Amino acid sequence: AQSVSQHNHHVILSEAASLELGCNYSYGGTVNLFWYVQYPGQHLQLLLKYFSGDPLVKGIKGFEAEFIKSKFSFNLRKPSVQWSDTAEYFCAVKGSQGNLIFGKGTKLSVKP
Amino acid sequence: GAGVSQSPRYKVAKRGQDVALRCDPISGHVSLFWYQQALGQGPEFLTYFQNEAQLDKSGLPSDRFFAERPEGSVSTLKIQRTQQEDSAVYLCASSPGWTGPYEQYFGPGTRLTVT
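Quick note, the sequences are listed as chains A and B, same order.
At position 61 of the first sequence (counting the first as 1) the number is 61 in the numbering used here, and the numbers step up by one without a gap.
At position 19 of the second sequence (counting the first as 1) the number is 1019 in the numbering used here, and the numbers step up by one without a gap.
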C-alpha cells in the first residue's frame, strides 16, 4: 500500500530562515504528488503539485518542491520564511482511486 | 466563486446518537471525496464518488458509516450509533475529474465530538 512519511513533526524557525520539509513516499510507479497547507483556522489549500515534467515545481507564496525519483522524495523548500508561513504542511500522494494519501503533517512555527 | 462548503461546522453528539454531515461541492465537480482527520494526524480517506456512483468505500471504518450522493452534487456522510473513537474532523473535497492533473479542493470540515 502507498504511504507518505513526513520526517519533522514540528519545526520552529526565525523569520528569514530557510525552510526544507522532508517528504518520502512508498510507491515506485508513476506518482502524482502534492503539498497542501493549512493556516490556523482555515481549510486545506494547495501549495503545489507534481504530475510530470520538470521535477522542480514552483508553487504559491514562494514555495517550491523537488521530485527526486531515485530517493522517493518530494521535499518542500522556501528560501526565506515569513511569520505568515506559520501553518501545518501536509505532503500527499495520489492513490489508485484518485484519493489522496497524506503524511501526518509538519507544524511550522515562525518566530517574528 | 464559491468553494466547498460543509455543515455543520461543529457537532457534539452523545455516544449512541446518529449524525449526518453535509458537503456541498464546487458546482460541476464530478469527483467527491470524504476524509477523516484525527487530532495530530493527516487526513485519511473514507470514500469516493464519481457523480452519484460510490466507487470506493474501502476507507469507511465500520458499517456504522454510510455516505450518499444521490443526485451527483450534495453528499451526506452519516454515522450511526456514534462512538468516542469517531471524534475527528470530517473533510470533504471535490475535484473536476478523476484522472488528469486535478487537485482536490477542500471544505472547512465538520468537527465531530462524541461525548
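Cβ coordinates follow ideal geometry from the N, Cα and C atoms, glycine included.
Note that this is a predicted model, so its numbers are computed, not measured.
| Check | Outcome |
| --- | --- |
| Return helix, strand or coil for residue 1084 (chain B), following the three-state DSSP convention. | helix |
| Check for me: the beta strand (DSSP E) holding residue 17 (chain A) runs from which residue to which? | Neither: residue 17 (chain A) is in no beta strand (DSSP E) and is coded neither H nor E. |
| List the residues of chain A that residue 1028 (chain B) touches, going by C-beta distances under 8 Å, in chain order. | Correct list: empty, because the minimum Cβ distance to chain A is about 17 Å. |
| In the DSSP assignment, find the beta strand (DSSP E) that holds residue 1068 (chain B) and state where it starts and stops. | 1065 to 1068 |
| For residue 1024 (chain B), which option in B:1040, B:1035, B:1007 has the closest C-alpha, if you only look at C-alpha atoms? | B:1007 |
| Run the CB neighbour count on residue 1031 (chain B), radius 10 Å, all protein chains shown included, and call it buried at 16 or more, exposed below. | buried |
| List, in chain order, every chain B residue whose beta-carbon is nearer than 7 Å to that of residue 104 (chain A). | 1041, 1042 |
| Under the rule that 16 or more other beta-carbon atoms within 10 Å means buried, what is residue 1010 (chain B), buried or exposed? | exposed |
| Indicate the three-state DSSP secondary structure (helix, strand or coil) for residue 85 (chain A) in the structure shown. | helix |
| With residue 32 (chain A) and residue 50 (chain A) assumed to form a contact (beta carbons below 8 Å), what rounded beta-carbon distance in angstroms separates them? | 7 Å |
| Looking at the secondary structure, which residues open and close the beta strand (DSSP E) in which residue 111 (chain A) lies? | 106 to 111 |
| Since residue 68 (chain A) is in the beta strand (DSSP E), which residue starts that stretch and which ends it? | 64 to 68 |
| Could you check which residue in A:20, A:2, A:16 has the C-alpha nearest to that of residue 66 (chain A)? | A:20 |
| Contact criterion: CB-CB distance below 8 Å. Does residue 24 (chain A) meet it with respect to chain B? | no |
| Any beta-carbon of chain B closer than 8 Å to the one on residue 51 (chain A)? | yes |
| Apart from the five residues on each side of it in sequence, which residues of its chain come closer than 7 Å, Cβ to Cβ, to residue 83 (chain A)? | 15, 110, 112 |
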